[in-house]
Amino acid sequence: MVILGLESTCDETSVGIVEDGVKIISNIVASSALMHKKYGGIVPEVAAREQVRVMIPTIEEAFKGPGIKYLDVDAIAVASGPGLIGSLLIGVETAKALAIAWNKPLIWVNHLVGHVYANWLNGRDVEFPLIALIVSGGHTDLIFMKDHRSVKWLGGTKDDAAGEVFDKVARLLGLPYPGGPQIETAAAKFTGKTKVVFPRPMKGSGDFDFSFSGLKTAVSNFIKENLSTDKNAVSFAFEEAICDVLVSKTISAAKEFDVKSIVVGGGVSANLRLRKMIENKSAGTFKIHFPERSMSVDNGAMIASAAFFQKSYIDPSELVADSSLYFV
Ligand code: KG4
Ligand code: ZN
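In our numbering, the protein residues as written are 11 to 338.
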């Protein structure tokens, strides 16, 4: 089954064509990140206007080359939420129009669940039951999945999302947007022994919730009080603190639910420190899955994969963009 997946929940416009949920036929990502760089963050109106402009060319581009025609696809899938409403509307309305014009079934996908399915791409076999840690610019969530269609939300952030804190700390250090990769690069350059230790909020709270705004404030206060501190040392200590909390809670959830696999998805899952720490701390008890680094960030292929496995069909007249869509 060949599915066309559209992703336009935030600042990316992406179109993927995937066969049977695992084989990427094509995956095109058009990002407006450079446009947001000068504002230090995403400007929703700028993102949506750019998406209107690039959506159709991105679809055309996805069909160029792979030897597949529009009517060869078996279904159209779209991330219908959560996200920025202006951005979501573009993907959702385009998907509905294509489903009607090409007379193909329409499948809606929760964008966050899409991040989990980036782990199935390129033929990887992920075993259930599993715990998924979703860490993106807008979300930090832990979910338990017994199978493809049973998703139980365990907890999430009470304030800032993990990616958001990476971006804000980068900004405090004068590093450009998006901050996650910048912090990662700066932290990797640090070779000394740091005396800076930042707090690990809610690490021992006994639940699966997170809170990162206190960590952000601690970094901010530290920078104000130690103006000459090396950016690399601060990046290292911050990255260590946030990864420590994310990894501890994920492993606690995996133990409590006695799962076979841990799956990580979302933009922050590209982070190599997070990848190493989770491998080390789980000490072979669980099978750990990360997407290919290029598939950690928003993309259409992961939406097409989730659509294949979850098959949430919907009539085009009933699908609405839902900016606050959560786990159902
Ligand atoms: O999933 P995503 O592409 O978009 C949302 O759905 O939000 O995630 C974007 C977030 C940004 O906050 C970005 O700074 C972060 O992912 N990110 C990283 C890395 N690459 C992207 N954070 C830490 N380390 C990275 N290597
Ligand atoms: Zn995302």
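Even glycine gets a Cβ: it sits at the ideal position worked out from N, Cα and C. Fair warning: this is a prediction, and the values are worked out from it, not measured in the lab.
By the criterion of a C-beta distance shorter than 6 Å, Ile144 is surrounded in its chain by Leu122, His125, Asp151, Gly275 and Gly276, once the five residues flanking it on both sides are discounted. According to the DSSP assignment, Gly224 belongs to the alpha helix (DSSP H) that extends over Ser223 to Glu235.
The ligand KG4 never approaches Asn231 closely enough for any of its heavy atoms to be under 7 Å from the residue's Cβ. Contact check for Asn129 against Val119 fails: the beta carbons are separated by 8 Å or more.
In the displayed model, Val88 falls within a strand according to three-state DSSP.
By the CB criterion at 8 Å, Ser279 and Val28 fall outside the cutoff.
Assignment of Gly294 by DSSP, reduced to helix, strand and coil, places it in the coil class.
In the DSSP assignment, Lys33 falls within the unbroken beta strand (DSSP E) covering Lys33 to Ser41. Distances taken from the Cβ of Pro301 to the heavy atoms of the ligand KG4 include none shorter than 7 Å.
Those residues placing their Cβ nearer than 5 Å to any heavy atom of the ligand ZN are, following chain order, Ser146 and Asp308. Short of 8 Å from the beta carbon of Asp177, and not among the five residues preceding or following it, lie these beta carbons of its own chain, in chain order: Gly51, Gly147, Tyr187, Pro188, Gly189 and Gly190.
Phe73 and Ser333 have their C-alpha atoms roughly 28 Å apart. Here the stretch 102-116 lies against the stretch 322-329, with 3 or more beta-carbon pairs under 8 Å apart.
Between the ligand KG4 and Phe176, a heavy atom-to-CB distance of less than 7 Å is present. Shortest Cα-Cα distance from Ala142 to any of Tyr127, Leu131, Gly133 and Arg134 involves Tyr127. Close CB contacts of Val62 within its chain, under the 7 Å cut and outside five residues either way in sequence, are with Ile100 (chain order).
In the DSSP assignment, the residues bridged to Trp163 are Ile153.
Remark: C-beta atoms of Asn37 and Asn309 approach each other more closely than 8 Å. Distances from the CA of Asp30 to each of Gln320, Asp325 and Leu335 were compared; the closest alpha carbon is that of Gln320. Nearest to Arg159 by alpha-carbon distance, out of Thr204, Ala317, Ile324 and Asp325, is Ala317. The C-beta distance from Ala89 to Lys114 rounds to 17 Å, too long to fall under 8 Å, and the pair is not in contact.
Taking the CA atoms as reference points, Phe232 sits about 48 Å from Ile35. Gly202 and Val255 have their alpha carbons spaced roughly 23 Å apart. Judged by DSSP in its simplified three-state form, Glu22 adopts strand. Using a 10 angstroms sphere on the CB of Pro209, the tally of other CB atoms stays under 16, which defines it as exposed. Scanning its chain for C-beta atoms nearer than 6 Å, with the 5 sequence neighbours on each side dropped, one finds around Ala196 the residues Lys241, Asn242 and Ser245, in chain order. Taken in chain order, the unbroken stretches of beta strand (DSSP E) that lie wholly in the stretch 258-315 and span 3 residues or more are 271-275 and 297-299.
DSSP places Val83 in the coil class of the three-state scheme, outside both helix and strand. Val119: member of the beta strand (DSSP E) spanning Leu116 to Asn120, first to last residue.
Exclusion of Val161 from the 7 Å shell around the ligand KG4 follows from its C-beta lying no nearer than that to any non-hydrogen atom of the ligand. Sequence-distant Cβ neighbours of Phe200 in its own chain, meaning closer than 6 Å and more than five residues away, are Asn242, Ala243 and Phe246. Within the DSSP secondary-structure output, Gly15 pairs in a beta bridge with Gly26 and Ala87. For Asp82, the CB contacts under 7 Å within the same chain, skipping 5 residues up- and downstream, are Val12 in chain order. Relative to the ligand KG4, even the nearest heavy atom lies 7 Å or more away from the CB of Asn242. Between Gly93 and Thr19, the gap from beta carbon to beta carbon is short of 8 Å.
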